[in-house]
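Throughout the sequence shown, residue numbering follows mature numbering (1 follows the signal peptide of the UniProt record, and there is no 0), covering -24 to -1, 1 to 208 in sequence. Glycine is no exception: its CB is placed at the ideal position from the N, C-alpha and C atoms. All remarks here apply to the structure that follows.
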Amino acid sequence: MRTIVAALLSALVAGLFAAGPAWAQKRAEPGAFDYYVLSLSWSPAFCARAKGAPDPDQCGTDRKPGFVVHGLWPQYADGGYPATCTRDRNVPKSVVDQTMPVMPSVGLMVYQWSKHGTCSGLTATDYFAKLRAAHAKVAIPEGLKAPSNTVPAVQVERLFLEANPGLTPEGVAVMCSKADVSEVRVCLDKNLGFMPCGKKVVDRCGNRNAVLSTTVAPLPAASTPAPQPAPK
């Protein structure tokens, strides 16, 4: 009887993996994905809203970066994405040195390689070369490199479209934090050509008055209740 039950359980498990959703078969398989999302973070917003002490590599007083690469993420067309496909966390120093101009944070590089890069099917050296190539592919609009005035979120997407022939509204998404533009995501095929984004990569700016600005106010510190007099 036990033999029959074990056989039935084995058949059931095999059936689940044979006929189950795509992620069940390829979630942790490096290189098995549909396209990339290039995430460009707006540094003034990141540095103002960073939890804890801001990264000195990106947010030091002598640094004033605008858009920098936050990540190059393998994606599935159905809206999911693979993550941490191996346990490799090693990013060679030579790769760090080459990548710092576009991704000015060693900690971020290690994190992005561990979580996303290991699913690309590439070595760390080749993954960051692909990341730098993706950054070079996407032109930052002149008006957004060092804007002197605030730019409405709805104009940010339009400026990216104008600066990048072939990029369509379906291939770019603007993200906001509170009332500030914080990130722009651009969808690229495996050869780094512009393409429409898959599911769930969409604009996320609920505040219609959201803007991109070089002066982003930090979040207010949590208020502490006023001390009460000791009971008599």
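With 16 or more neighbouring CB atoms inside 10 Å of its own CB, P50 falls in the buried class. The residue among V114, D156, G174, E146 with its C-alpha nearest the C-alpha of L14 is V114.
Under the 8 angstroms Cβ criterion, the stretch 113 to 130 does not count as touching the stretch 88 to 104, having fewer than three qualifying pairs.
7 angstroms or more divides the Cβ of R108 from the Cβ of S90. Remark: C-beta atoms of L16 and V160 approach each other more closely than 7 angstroms.
For E118 and Y11, the gap between their C-alpha atoms comes out near 27 angstroms.
Taking a 10 Å sphere around the C-beta of V130, we find fewer than 16 other C-beta atoms and assign the residue as exposed.
Here DSSP, grouped into helix, strand and coil, assigns F9 to coil.
Taking the C-beta atoms as reference points, D179 is found no nearer than 7 angstroms to V132.
The Cβ atoms of V44 and S19 sit closer than 7 angstroms to each other.
Between V67 and M85, the gap from beta carbon to beta carbon is short of 7 angstroms.
Taking C-beta atoms under 8 angstroms as the contact rule, C173 and G147 qualify, at a distance of about 6 angstroms.
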